[in-house]
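Going by my numbering, the letters in the sequence shown line up with residues 436 to 1124, in that order. Think of the CB as a built atom: it goes at the ideal place given N, C-alpha and C, for glycine as much as any other residue. Reading through the structure tokens given below for one structure.
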Amino acid sequence: MLNKSLLHPESIVVVGGSNDTQKPGGAILRNLIENKFNGRLYVTNLKESEVQGIKSYQDPGELPDVDLAILAIAAKFIPGTVEMLSRRKNTRAFIVLSAGFSEESPEGKELEEKLVSIVNDVNGTLIGPNCIGVLTPDYAGVFTKPIPKLDPGGCDFISGSGATACFIMEAGIPNGLTFANVFSVGNSAQIGVEDILAYLDANYDPRNSSAVKLLYLENISKPEMLLKHASSLIRKGCRIAAVKAGSSEAGSRAASSHTGALASPDAAVDALFRKAGIVRCYGREDLISVASVFMYPKLKGKNIAVITHAGGPAVMLTDALSNGGMSVPHIESPAAKELLALLFPGSSVGNPIDFLATGTAGQLETIIDYCDLKFDEIDGMAVIFGTPGLTKVFDVYKVLDEKMRTSGKPIFPILPSVMTAHEEITGFIQNGRTFFPDEVIFGNALSKTWNTPSPALLNPELPAVNTETIRKVIDESPDGYLLPGPMQLLMDACGISRVGEAVVTTREDASKMAAKLGFPVVMKVVGPLHKSDVGGVALNIREGSAVLAEFDRMIKIRDTVAVLIQPMLSGTELFAGAKYEPKFGHMILCGMGGIFIEVLKDVAAALSPVSDEEALAMIRSLKSNKIIQGVRGQKGISEHAFADILLRLSALLKVAPEITELDFNPLLAKEEKIFAVDARIRIERNRRP
């Protein structure tokens, strides 16, 4: 946990401070001095008596007590130095800049574990090792640049990569984005991104804390912690955006079911972010643009007025917004005719509102007033205004600034002339404004923030299931895939309807059970995992002789132990499944069955347990949802019946966490009725946590 010594130190020692500002120990000391750390500042350097005008303690043992130590010495000397400082100088916070730990070698990992043990023994806080440091309003504890002017109204930024933190600040500062605190966690030996977010949640003050959190993660070590505290902060009024790097997988994963093939670790990240309400980004510009959107009031609706004096950018922005699910509605009220009469001939107000290259600051002010006060269909405004450099545009940006202050609807400034209007944009930023240099990147960012759902319930109400039967089946079954009998018991215990069926091992039983179930029937092998691949599925069998012939053929297929017989039913094929992902827990998946899952992979995923609202959102997010709703005169399928199955899967997994893969494919659906036709459930007790 973060402590006062790290966040508000009254004294800091730079261990390894140097006169050479091209070294980390010299650069961080310079930054502390130049950014006016108000507490007591000490230096240790074995060879110098004074470093950058500050007395150097050649023997660290002569130091007075000190709150925070920033270390820039060789890795092998750090554990001993930290132990001395923590035991003899009451130091309780440490920032270790040095590399040479777990990121390099097994020996480095041992050093890192020793370092963590020393800090933990005194209940201290450790940032790093292998990091750039920490920026707070109290001190500039980094050896890098840029060092932004810290603003309580800016972003709290937590990064797993020091270089990436620098590059993101480099990208955001020129656009007016400000920062409140910056934490670079490096190897996260003791404190990771999730731990800092937990601290920010526990200590959130709506009047004084930053309401915007930015995260850069390369690993999610504690997904449950991230989910809990991100969703908590967002419910308190914060907005969070994150980049999770490393989303692709090198090579393919062996998967024994549709669920196993479709539920990748990155799908788990997507599901976690969606459940928490985090806006997921995929790069620096993406993150900066979303963060800049966060600097403006939230939209109350998705209808945007595009105000421009240049047609091309307005068209591109309209496309980006429309493709992102936003709306640029046509404006045709009597007030629109009034507005048109106040603009130069050739202007248009249908939306985009184009007031031409000759448009004035006064006309822009009038347009904004109409959008704010008279166009009820408009929820927010995107104003594109650049310049060819013929005249200065200070007056336009002054109007923008004033209207952004007074408008009841959000106004997003898109200012593409970052070179030609550099002077004017600089003044705009100095007024505390953030802007967007590119209309398409802005449109994508705005759409992304609008489409990210609010945090889901972490413990939703689930349907009642027969816990006793479920545990009995799981406890009595060996690891691996369940046999049809135990699997049927599980489905019945969960309240999931299934097609009538019989498992037979003799010709006589096959003939008798087919007649009992009623022709036509389906026959499938029991044993082989991928039945169709080995010719283990026969459809639409209409007479007893065909049943006997198929039984004789199937029972000879390799690994077959029995034959499953079911009535041949018709309906729309659906898919539901679950997959255990280490650290993240279970994911629930759903989609259309048949070709949609085999070829199009049209699947939605969420972390279990899912609420009724989440389940319906999953179903409605499918590209094939129109089929579920009903097309070309065909009656649709009950979304609520489909959602109920996903809730029952969540309830099953809560009682039986040993399940690692579960496949219902297909589920056969007709209007309100959905039956499981085929199922596969795998349990594994000694899996990775």
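DSSP-derived helix/strand/coil call for residue i
| i | result |
| --- | --- |
| Phe870 | coil |
| Leu1097 | strand |
| Tyr477 | strand |
| Asn616 | strand |
| Arg933 | strand |
| Asn975 | strand |
| Pro845 | coil |
| Met926 | helix |
| Gln625 | coil |
| Thr902 | helix |
| Glu497 | helix |
| Pro1002 | strand |
| Met948 | helix |
| Phe779 | coil |
| Leu585 | strand |
| Glu800 | helix |
| Pro609 | helix |
| Asp789 | strand |
| Ser980 | helix |
| Tyr492 | coil |
| Leu506 | strand |
| Asp640 | coil |
| Met958 | strand |
| Ala689 | Low confidence applies to Ala689: its pLDDT is 36, below 50, so where it sits in the model is not reliable, and the reading given next is rough at best. If DSSP states are grouped into helix, strand and coil, Ala689 belongs with coil. |
| Leu850 | coil |
| Glu548 | helix |
| Cys590 | strand |
Closest by C-alpha distance to residue i, when choosing among the options
| i | options | result |
| --- | --- | --- |
| Met958 | Gly930, Tyr634, Ile931 and Asp987 | Asp987 |
| Thr904 | Asp927, Glu1008 and Lys733 | Asp927 |
| Gly953 | Val996, Ala973 and Pro1002 | Pro1002 |
| Pro700 | Lys991, Gly1020, Val501 and Lys844 | Gly1020 |
| Tyr651 | Glu659, Ala984, Ser1046 and Gly681 | Gly681 |
| Asp873 | Ala575, Leu881 and Ala945 | Leu881 |
| Ala796 | Tyr832, Ala776 and Phe810 | Tyr832 |
| Pro769 | Asp804, Glu1016, Lys809 and Gly794 | Lys809 |
| Arg719 | Ile802, Thr801, Gly607 and Arg709 | Gly607 |
Buried versus exposed call for residue i [16 or more other C-beta atoms within 10 Å across all chains shown]
| i | result |
| --- | --- |
| Pro444 | buried |
| Pro1101 | buried |
| Ser692 | Here Ser692 scores only 48 on pLDDT, less than 50, and its place in the model should not be relied on; the value that follows carries that caveat. Ser692 comes out buried. |
| Val430 | With the chain covering 436 to 1124 only, the question about residue 430 has no answer from this structure. |
| His664 | buried |
| Val996 | exposed |
| Asn758 | exposed |
| Ala1013 | buried |
| Glu1033 | exposed |
| Ser440 | buried |
| Gly568 | buried |
| His744 | buried |
| Glu943 | exposed |
| Gln1069 | exposed |
| Pro658 | buried |
| Asn879 | buried |
| Ile876 | buried |
Residue interval of the alpha helix (DSSP H) (run including residue i)
| i | result |
| --- | --- |
| Asn1121 | Element bounds for Asn1121: n/a, residue is neither H nor E. |
| Lys1014 | It is not in any alpha helix (DSSP H) - Lys1014 instead sits in the beta strand (DSSP E) that spans Thr1007 to Glu1016. |
| His1021 | Element bounds for His1021: not the alpha helix (DSSP H) but the beta strand (DSSP E), Gly1020 to Met1027. |
| Tyr747 | Residue identity differs from the one stated: residue 747 is Gly in this sequence, not Tyr. Where Gly747 is concerned, the enclosing alpha helix (DSSP H) stretches over Gly746 to Asn758. |
| Thr861 | His857 to Gln865 |
Beta-carbon proximity of residue i to residue j, cut-off 7 Å
| i | j | result |
| --- | --- | --- |
| Ala1039 | Leu897 | no |
| Val784 | Leu791 | no |
| Glu629 | Leu661 | yes |
| Leu503 | Val450 | no |
| Ser645 | Ala615 | yes |
| Phe602 | Ala462 | no |
The beta strand (DSSP E) enclosing residue i, as first and last residue numbers
| i | result |
| --- | --- |
| Ser440 | Element bounds for Ser440: not the beta strand (DSSP E) but the alpha helix (DSSP H), Lys439 to Leu442. |
| Ser666 | From DSSP, Ser666 is part of no beta strand (DSSP E) but of the alpha helix (DSSP H) over Pro658 to Arg670. |
| Ile739 | Ile739 to Thr743 |
| Tyr832 | Premise fails: Tyr832 lies in the alpha helix (DSSP H), Phe829 to Thr841, not in any beta strand (DSSP E). |
| Thr995 | Run containing Thr995: none; DSSP gives neither H nor E here. |
| Val1038 | Val1038 to Leu1042 |
| Gly815 | Gly815 to Ile819 |
| Lys648 | Val647 to Leu652 |
| Ser446 | Ser446 to Val450 |
beta-carbon residue i near the ligand FAD non-hydrogen atom, thresh 6 Å
| i | result |
| --- | --- |
| Asn565 | Ligands are entirely absent from the displayed structure, and the ligand FAD is therefore not among its contents. |
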